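Novice: To start, I am sharing the structure in question, which I have written as structure tokens.
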Amino acid sequence: MNDNHQVNLQALARQSMLEHGFHPDFSAAVRKELQSLESHAPDHHPQAARDLRQLLWSSIDNDTSRDLDQIEFAQEAEDGPVRIQIAIADVDAFVPAGSAIDKHASDQTTTVYTGVHNFSMLPDELSTGLTSLLEDQERLGVVYEFSVDGEGCVGEHNIYRASVRNHAQLAYPSVGAWLNSGSNAPPKVASSSELQKQLLLQNRVAQVLRKERYRRGALNLQTIETHPLMTDGKPVDIETQQKTPANDLIEDFMIAANEVVARSLERAGFSSIRRVVKTPKRWDRIVEVAAQFGTKLPGEPDSKALQDFLCDRRAVDPDHFPDLSLTVVKLLGSGEYVLERVGETAPGHFGLAVQDYTHSTAPNRRYADLVTQRLIKAMLAKRRSPYSDDELAAIAQQCTKQEDAARKVEREMGKRIAAVVMRSRIGQSFTAIVTGVNEHGSFVRTTHPHVEGMLVRGQKGVDVGDKLNVTLVHTDPERGYIDFARS
């Protein structure tokens, strides 16, 4: 392999998908159903749905996102709580249970984002077309409506079907920069004083929701996320994704909405699939990590004490806080989907400090959310649950398994993309932080760009958190290897 152009990242992504048990192609049966849907689309204004197209709905997502699952609207009362409405794409209207499209989705369970290609759970004609809440398109939605008081407490809530229209498709970076500075609003926002008021109100409500979650012990972690900068379909650099107030706004609204859905299903006597991060099994190691910084955590898991420790470390040493966050995330363990039967209590979400939590806000790209949407619609129609407890338990297990596999695919491709980007920089020096030392070797992350690799020379005596100058000595894009030597 003499140059980067011989590295076929698309083929490597497909190979990785197959190796981890995914089926990246849609069957002939799926294509046949899709053709029928495109010529006989469901009615966008069924009698059972409210007509809310006139509300100033907007969406905020990544710049390149086309699979839009949710739009938001807020309404302020004169002397009362703010009413939040979140409309979720009615994917179930186009993907009936048991159909060929549904069977494919139930096997894959998630969209996989590899950096060079998105392997969609649903055909793009649906997830980025007919079932996506794209700007100026009339769509079917399931609306979660709830009130939020000045203390960030979620009060009265309601769920119903509606016809909706996204009036402004916005992006995290530009909206986040405007919310941060109060200037340089994106053109769509700058041209509408009503949209400005709407977003400022949403941001204010999101902040009080977040403040209340932190009071209850939700963890304020800061991990580094990157994505490739592509030119002519080839990665040329690695960019760090900066989290903005716009990201926080959507995250806070989605957490509140998922709590509302979980409580509503429980109250209606429906078993459901919950998303949980169980009490960490490696709490003893988290206690040891905190002790290294002079902090004594309780012997039993305590999210509030852990949050206080994290806030202190963020203030004292912001440079190393992402690495500490990553350590804590790994020790907490990954989330999983579990069945919560009627009358029983599933474990809560330790990292979010919430007891009632389900996934329901992204049915275009997560199968658990599509299943939850069917439960919601059965609840609204006063029908019995469309799934038995055994079926829900099996779906939860498959979703957990495939989500773990998706993370492996995305991690493998992230390393390969980084190796392609860095190959032209062999011999260059970088500032780096040691991120891991174990029996397999010592690992570092460069600061510009954020790329991880192995320290193959000069590793003696280094420890996690050390700052080093390193020289890039080798890359292997097919394996995703990046090797550094201490300068």
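For what it's worth, my numbering labels the leading residue of the sequence shown as 29, then goes sequentially.
Cβ atoms here follow ideal geometry from the backbone N, Cα and C, with glycine treated the same way.
All of these numbers come straight from a predicted model, not from anything done at the bench.
Between the Cα of Asp345 and the Cα atoms of Asp432, Glu267, Asp494, Pro326, which residue gives the shortest distance?
Specialist: As a working mapping, residue 345 is identified with position 317 in the sequence shown. Asp345 has its Cα closest to that of Asp494, out of Asp432, Glu267, Asp494, Pro326.
Novice: Pick from Glu467, Phe471, Ile461, Tyr509: whose alpha carbon is nearest that of Asn497?
Specialist: To locate residue 497, count along the sequence shown from 1; it is residue 469. The option with the nearest alpha carbon to Asn497 is Ile461.
Novice: Which runs of the alpha helix (DSSP H), 4 residues or longer, sit entirely within the stretch 187-216?
Specialist: With a minimum length of 4 residues, the continuous alpha helix (DSSP H) runs that stay inside the stretch 187-216 are 200-209.
Novice: Assuming Met441 contacts Gly204 (C-beta within less than 8 Å), just tell me the rounded distance between them.
Specialist: The sequence position of residue 441 within the sequence shown is 413, counting from 1. The sequence position of residue 204 within the sequence shown is 176, counting from 1. At roughly 26 Å, the Cβ-Cβ gap does not stay under 8 Å, so Met441 and Gly204 are not in contact.
Novice: Whole angstroms are fine: how far does the CA of Gly261 sit from the CA of Ser470?
Specialist: Taking the first residue of the sequence shown as position 1, residue 470 is located at position 442. Taking the first residue of the sequence shown as position 1, residue 261 is located at position 233. Near 33 Å, if we compare the C-alpha coordinates of Gly261 and Ser470.
Novice: Within 8 Å, do at least three Cβ pairs link the stretch 113-122 to the stretch 153-160?
Specialist: Result yes; three or more Cβ-Cβ pairs closer than 8 Å.
Novice: Helix, strand or coil for Met282, going by three-state DSSP, please let me know.
Specialist: Looking up residue 282 in the sequence shown gives position 254. Reduced to three states, the DSSP call for Met282 is helix.
Novice: Check each candidate in Gln197, Leu277, Arg435 and name the one with the smallest Cα separation from Leu229.
Specialist: In the sequence shown, the residue the question calls residue 229 occupies position 201. Checked all of Gln197, Leu277, Arg435; the closest Cα to Leu229 is Leu277.
Novice: When DSSP labels each residue in this structure, what does Asn275 get in the three-state scheme?
Specialist: As a position in the sequence shown, residue 275 is number 247, starting the count at 1. Three-state DSSP puts Asn275 in a helix.
Novice: Grouping DSSP H, G and I as helix and E and B as strand, with all else coil, what is Met450?
Specialist: Along the sequence shown, read from residue 1 onward, the residue named residue 450 stands at position 422. It is helical.
Novice: Between the Cα of Pro414 and the Cα atoms of Gln197, Leu403, Gln75, which residue gives the shortest distance?
Specialist: To locate residue 414, count along the sequence shown from 1; it is residue 386. Nearest C-alpha to Pro414: Leu403.
Novice: Write down the C-beta distance between His387 and Arg394 rounded to the nearest angstrom, noting that I regard them as a contact closer than 8 Å.
Specialist: Counting from 1 along the sequence shown, the entry for residue 387 is found at position 359. Counting from 1 along the sequence shown, the entry for residue 394 is found at position 366. Rounded, the Cβ-Cβ distance is 6 Å, consistent with contact.
Novice: Exposed or buried, Glu166, counting other C-beta atoms within 10 Å across all chains shown (16 or more means buried)?
Specialist: Numbered from 1 along the sequence shown, position 138 holds the residue referred to as residue 166. Exposed, because fewer than 16 other Cβ atoms sit within 10 Å of the Cβ of Glu166.
Novice: Whole-angstrom Cβ separation of Val140 and Val437, contact assumed at under 8 Å?
Specialist: One-based indexing of the sequence shown puts residue 140 at position 112. One-based indexing of the sequence shown puts residue 437 at position 409. Confirmed, Cβ separation roughly 5 Å.
Novice: Are there 16 or more other CB atoms within 10 angstroms of the CB of Phe321, so buried, or fewer, so exposed?
Specialist: The residue labelled residue 321 in the question sits at position 293 within the sequence shown. Classification of Phe321: exposed, given that the 10 Å Cβ count is below 16.
Novice: On the CB-based measure, 16 or more other CB atoms within 10 Å of its CB, does Lys443 come out buried or exposed?
Specialist: On the sequence shown, position 415 is the one that residue 443 refers to. Buried is the call here.
Novice: Determine the contact status of Arg453 and Thr463, defining contact as a CB-CB distance below 8 Å.
Specialist: Position 425 of the sequence shown, counted from the first residue, corresponds to residue 453. Position 435 of the sequence shown, counted from the first residue, corresponds to residue 463. No, the pair does not count as a contact, with Cβ atoms beyond the cut-off.
Novice: Work out the CA separation of Leu398 and Ala14 for me, nearest whole Å.
Specialist: The shown model of the chain, from 29 to 515, leaves out residue 14, and the question about it has no answer.
Novice: Is it the case that the Cβ atoms of Ile99 and Ala199 are separated by a distance below 8 Å?
Specialist: Here residue 99 corresponds to residue number 71 of the sequence shown, with the count starting at 1. Here residue 199 corresponds to residue number 171 of the sequence shown, with the count starting at 1. Not closer than 8 Å, so no.
Novice: Please state whether the Cβ-Cβ distance between Phe50 and Ala433 is less than 8 Å.
Specialist: Reading the sequence shown from its first residue, position 22 is the one you call residue 50. Reading the sequence shown from its first residue, position 405 is the one you call residue 433. Yes; because the gap between Cβ atoms is below 8 Å, this pair is in contact.
Novice: Between Leu96 and Ala190, is the Cβ-Cβ spacing less than 8 Å?
Specialist: The sequence position of residue 96 within the sequence shown is 68, counting from 1. The sequence position of residue 190 within the sequence shown is 162, counting from 1. It is not a contact, given that the beta carbons lie outside the stated cut-off.
Novice: Where does the unbroken beta strand (DSSP E) through Val484 begin, and where does it stop?
Specialist: The residue given as residue 484 occupies position 456 in the sequence shown. Start and end: 480-485.
Novice: How about Leu293 and Met407: are their beta carbons less than 8 Å apart?
Specialist: For this step, residue 293 is matched to residue 265 along the sequence shown. For this step, residue 407 is matched to residue 379 along the sequence shown. Closer than 8 Å, so yes.
Novice: Please go through the same chain and pick out, in chain order, the residues whose beta-carbon is closer than 7 Å to the beta-carbon of Thr400, but skip the five residues on each side of it.
Specialist: Counted from its first residue, the sequence shown places residue 400 at position 372. Only Val289, Ser300, Ile301, Thr386, His387, Ser388 meet the Cβ criterion.
Novice: Pull up the distance between the alpha-carbon of Gln38 and that of His132, whole angstroms please.
Specialist: Within the sequence shown, the letter at position 10 stands for residue 38. Within the sequence shown, the letter at position 104 stands for residue 132. Their Cα atoms are separated by approximately 22 Å.
Novice: From Ile423 to Arg313, what does the alpha carbon distance come to, in whole angstroms?
Specialist: What you label residue 423 is simply residue 395 of the sequence shown in a count that begins at 1. What you label residue 313 is simply residue 285 of the sequence shown in a count that begins at 1. When rounded, the distance between both Cα atoms is 32 Å.
Novice: Please name the residue in Gly486, Pro350, Asp280 whose C-alpha comes closest to that of Val182.
Specialist: Along the sequence shown, read from residue 1 onward, the residue named residue 182 stands at position 154. When only C-alpha atoms are compared, the closest one is Asp280.
Novice: Roughly how many whole angstroms lie between the Cα atoms of Lys77 and Glu173?
Specialist: On the sequence shown, residue 77 is found 49 positions in, with the first residue counted as 1. On the sequence shown, residue 173 is found 145 positions in, with the first residue counted as 1. Per the sequence shown, residue 77 should be read as Ala rather than Lys. So the two alpha carbons sit approximately 14 Å from each other.
Novice: How long is the line joining the alpha carbons of Gln197 and Val170, rounded to whole angstroms?
Specialist: As a working note, residue 197 is residue 169 in the sequence shown. As a working note, residue 170 is residue 142 in the sequence shown. Distance between the alpha carbons of Gln197 and Val170: 19 Å.
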